[in-house]
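Engineer: Before we start, here is the structure in question, set down as structure tokens.
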Amino acid sequence: MTDIANQTYQETESQTLNGLTPETSESTPFSEIPQEEISEKLGVEGQFQPSADVLKEVMENASDPELAHEFLNKWLGLSETQQKAMSIIINEIELVSELVETNVSDISHKFQELAKHSQNQSDQVSTLADAAQNVMYQGKSMDLSQIMNTIDGHLSTMIDKIVESSKHGVEVVYALDDVTKDVVKVENLIGEIEAINKQTNMLALNARIEAARAGTAGDGFAVVAHEVQELAKTINELAWTMREEVTSVVNGVRLGNTKIKEVANVDLTDNILVKDTIRELMDCILNQNDIYSDALRSSKETSQDITKDIYSVITRLQFQDRAKQRLENIVSTLQVMEESVTSFSTETRSTFETSLTGRTNEEDWFKAVIKDLTLGEMRGRFLKAVFGEEDAFTEETENTVPQSSSTDFEYDDDSIELF
Amino acid sequence: MKDSVTTTDSSLTISLSEKLTFEDHTNFRELLKLINNDIHRNCSIDLRGLEAIDSAGLGMLMIAFETAEKFGMSFNLYKPVGQVKRLLEISDFEKVMSIVS
């Protein structure tokens, strides 16, 4: 019966250790076989399944105690392996719990820093938005509309002065035109004086001629005529002097009139229209400033939303507390199960101490358990817990544990898989 | 500048056309003489036909207004258009005198 059992066990090993038919195993390396195919061959979720042939043989030979002891021996071997597996699972769960707790704490801390930076950014954007609306001028804060009104006021004053200057320019031209006309009148009057003086001089000359004809009787008249002639000469010199002075005045007035006309003729409408240009430019600046302000306000709101979301994420990260409690509960349950299995195993060994010899470890079952473990570090801990030494079984499990392709994940020196 | 003058018992209307610049100051002075009397109570400068004006022209309109004001006449600028209207607006003439749009 032992041979039959061993034979059956060998069949099981052949099917479950490699998980493949011999033809497939020879033609295809284990690492290249798809996971689905391995799982299918191993059974549901890849777990070890006791051979139906063994159970069938036990049932058919229920009266054979040797066969029953052998089968019970196998159950005990499986039980001890399961104890070790449960123990390492408990350790793994505690490791996972610690890993999650440490990393969630780090993530939460990082998110708090992120929220603080986001809040700072929001404050800075808010400051920037305020600064975009105001300008410091002579120690006073002025918004752009005030600046625009101030510039507009200065331009209006300047234009008023331009119009006023233009008006005065025309008025001066009119005045100088009048002066020029008046000076011409004076020149005409001087001409009239000169004409009269010329006649006076002629009359005095005629009087002197007539006085000479009258002889001694005309001596007195000759003296008067001479004086008149001298007087006319003096008047003539005075008229000449006046003409020179008036001519000088006329030249000055005409020159002034010409100059003021040149000044008044300068068209300042472009300078007036500058107000329009500056107003349009200021409108452009205000519009652009409004766009910037809107963008900054939007950015501020976005930063505030980000801050809010980050705090929401920090709150959500508190799931770790609940997860830890659940894992602790699972560990407690597994510990009870482990203790139950240990107790049952101890009791069975004490009851059948003499009959149960040659117990074997259920290596096949364990190989099936670790088959799907993709983390090398975790797989090593399982092997060490069951077989004592990690390296003792590593080479063998290299062929039994599926290796994912390098494109799925990679190992670094610290056995941390980077996805 | 071209001008035409229309009068009624109480009103004097001076219509200007083309351009009013410094070159027109002599002709404009003749028009000022029409305002410079006690015959009319109202004076209107019709600017509908005036296409352009320079800063001296603005000064002459201001002199016309002050002359009318001096003689107690009501005064207005009638329907300026285009560049003339824009310059009168920028120069805030409506704050000094009546402008009929």
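Listed in order, the protein sequences are those of chains U and W. Residue numbers -16 to 402, in the numbering used here, belong to the letters of the first sequence in order. Residue numbers 2 to 102, in the numbering used here, belong to the letters of the second sequence in order. Heads up, the beta-carbon is just placed ideally off N, CA and C, and yes, glycines get one too.
(1) Using three-state DSSP, classify W:Lys71 as helix, strand or coil.
(2) Taking buried to mean at least 16 other C-beta atoms within 10 Å of its own C-beta, is W:His41 buried or exposed?
(3) Applying the 10 Å Cβ sphere with the 16-neighbour rule, what's the burial state of W:Ile15?
(4) Which value, in whole angstroms, describes the spacing of the CA atoms of U:Glu330 and U:Ala351?
(5) For W:Gly50, does the three-state DSSP call read helix, strand or coil?
(6) Cutting at 6 angstroms between CB atoms, please list the residues of its own chain near W:Gln84, excluding the five before and the five after it.
(7) Using a C-beta to C-beta distance shorter than 7 angstroms, which residues of chain U count as neighbours of W:Gly60?
(8) For a cutoff of 8 angstroms on Cβ pairs, would you count U:Leu403 as touching chain W?
(9) Between which residues of its own chain and U:Thr183 is the CB-CB distance below 6 angstroms, once the five residues before and five after are set aside?
(10) Should U:Thr230 be flagged as near chain W, meaning a C-beta pair shorter than 8 angstroms?
(11) Less than 8 angstroms between the beta carbons of U:Ile90 and U:Leu300, yes or no?
(12) Verify the CB distance criterion: does W:Ala69 have a CB-CB separation below 8 angstroms to chain U?
(13) Closer than 8 angstroms is the cut-off here; do at least three beta carbon pairs connect the segment 230 to 250 of chain U with the segment 54 to 63 of chain W?
(14) Quick one: which chain U residues come within Cβ less than 8 angstroms of W:Ala57?
(15) I'd like the span of the alpha helix (DSSP H) that includes U:Glu220, first residue to last.
(16) So, is W:Arg49 buried or exposed, given that buried needs 16 or more other C-beta atoms within 10 angstroms?
(17) Kindly list, in the order they appear in chain W, the residues whose Cβ is closer than 8 angstroms to that of U:Ser139.
(18) With 16 as the cutoff for other CB atoms within 10 Å, does U:Glu53 come out buried or exposed?
(19) Consult DSSP for U:Thr(-15) and reduce its assignment to one of helix, strand or coil.
(20) So who's on the other strand from U:Met361, going by DSSP bridges?
(21) Are the C-beta of U:Val156 and some C-beta of chain W separated by less than 8 angstroms?
(22) Nearest-angstrom Cα distance between W:Met61 and W:Ile46?
(23) Counting only beta-carbon atoms, is W:Ile36 nearer than 8 angstroms to chain U?
(24) Looking at C-beta atoms only, is the number of pairs between the segment 305 to 313 of chain U and the segment 144 to 157 of chain U that lie closer than 8 angstroms three or more?
(25) From U:Ser315, U:Leu238 and U:Asn132, pick the residue whose C-alpha is nearest to that of U:Ser70; which is it?
(26) Where U:Val118 and U:Leu127 are concerned, what is the direct C-alpha to C-alpha distance, given to the nearest angstrom?
(27) Take W:Leu152 and list the residues in its own chain whose beta-carbon comes closer than 8 angstroms to its own, dropping the five residues that flank it on each side.
(28) Find the nearest neighbour of U:Ile297 within the set U:Glu346, U:Ser88 and U:Ile76, judged by alpha-carbon distance.
(29) Checking 8 angstroms against the spacing of the C-beta atoms, do U:Val108 and U:Ser282 come in under that value?
(30) If you pair each beta-carbon of the segment 184 to 199 of chain U with each one of the segment 253 to 265 of chain U, do three or more pairs fall below 8 angstroms?
(31) If you draw a straight line from the C-alpha of U:Ser286 to the C-alpha of U:Gln104, how long is it?
(32) Output needed for W:Leu88: all residues of its chain with C-beta closer than 7 angstroms, excluding positions within five of it in sequence on either side, in chain order.
(33) Kindly say whether U:Leu186, judged by its beta-carbon, lies nearer than 8 angstroms to any beta-carbon of chain W.
(34) Here's the rule I'm using: 16 or more other beta-carbon atoms within 10 Å means buried, otherwise exposed. How should W:Asp25 be labelled?
(35) Would you kindly check if the distance between the Cβ of U:Gly201 and the Cβ of U:Glu193 is under 8 angstroms?
(36) Which residues does DSSP list as the beta-bridge partners of W:Asp4?
Structural biologist: By the coordinates alone:
(1) Correct three-state label for W:Lys71: helix.
(2) By the neighbour-count definition (other C-beta atoms within 10 Å, threshold 16), W:His41 is a buried residue.
(3) W:Ile15 should be labelled buried.
(4) Between U:Glu330 and U:Ala351, the C-alpha separation is close to 27 angstroms.
(5) In the displayed model, W:Gly50 falls within a strand according to three-state DSSP.
(6) Cβ neighbours of W:Gln84 beyond the five flanking positions: Ala53.
(7) Think of a sphere of 7 angstroms around the beta carbon of W:Gly60: the chain U residues whose beta carbon falls inside it are Val146, Ser149, Lys150, Gly152 and Val153, in chain order.
(8) Since the first and last residues shown for chain U are -16 and 402, residue 403 of chain U lies out of range.
(9) The answer, listed in chain order, is Ala215.
(10) U:Thr230 does not count as touching chain W.
(11) The answer is yes: Cβ separation under 8 angstroms.
(12) W:Ala69 is outside the set of residues whose beta carbon lies under 8 angstroms from a beta carbon in chain U.
(13) A contact exists between the segment 230 to 250 of chain U and the segment 54 to 63 of chain W.
(14) By Cβ distance, chain U contributes Ser149, Gly152, Val153, Ala247, Asn248 and Asp250.
(15) In the DSSP assignment, U:Glu220 falls within the alpha helix (DSSP H) that extends over Asp202 to Ala247.
(16) W:Arg49 should be labelled exposed.
(17) Ordered by position in chain W, the residues that pass the 8 angstroms Cβ test against U:Ser139 are Asp93.
(18) Residue environment: U:Glu53 is assigned as buried (16 or more neighbouring CB atoms within 10 Å of its CB, all protein chains considered).
(19) Confidence is the limiting factor: at U:Thr(-15) the pLDDT is only 38, short of 50, which leaves the residue's position unreliable, though a coordinate-based value still follows. Of the three classes helix, strand and coil, the one that applies to U:Thr(-15) here is helix, per DSSP.
(20) Answer is none; U:Met361 lacks a bridge partner.
(21) True, the Cβ-Cβ gap to chain W drops below 8 angstroms.
(22) Roughly 12 angstroms between the two C-alpha positions.
(23) Not an interface residue.
(24) Between the segment 305 to 313 of chain U and the segment 144 to 157 of chain U there are fewer than three inter-stretch CB-CB distances shorter than 8 angstroms, so the stretches are not counted as touching.
(25) The option with the nearest alpha carbon to U:Ser70 is U:Ser315.
(26) Each residue's CA atom was taken as its position, placing U:Val118 and U:Leu127 some 7 angstroms apart.
(27) An answer regarding residue 152 of chain W cannot be provided, because it is not within the stretch 2 to 102 covered by chain W.
(28) Taking only the C-alpha atoms, the option nearest U:Ile297 is U:Ser88.
(29) Closer than 8 angstroms, so yes.
(30) No, the segment 184 to 199 of chain U does not touch the segment 253 to 265 of chain U.
(31) Spanning the two alpha carbons is a distance of roughly 7 angstroms.
(32) Apart from sequence neighbours up to five positions away, the residues of its chain that approach W:Leu88 with a beta-carbon distance below 7 angstroms are Ile54 and Leu59, ordered along the chain.
(33) U:Leu186 is outside the set of residues whose beta carbon lies under 8 angstroms from a beta carbon in chain W.
(34) W:Asp25 counts as buried, since at least 16 other C-beta atoms from the protein chains shown sit within 10 angstroms of its C-beta.
(35) Here U:Glu193 is near U:Gly201, since their CB atoms are less than 8 angstroms apart.
(36) Residue pairing by DSSP places W:Asp4 opposite W:Leu17 in a beta bridge.
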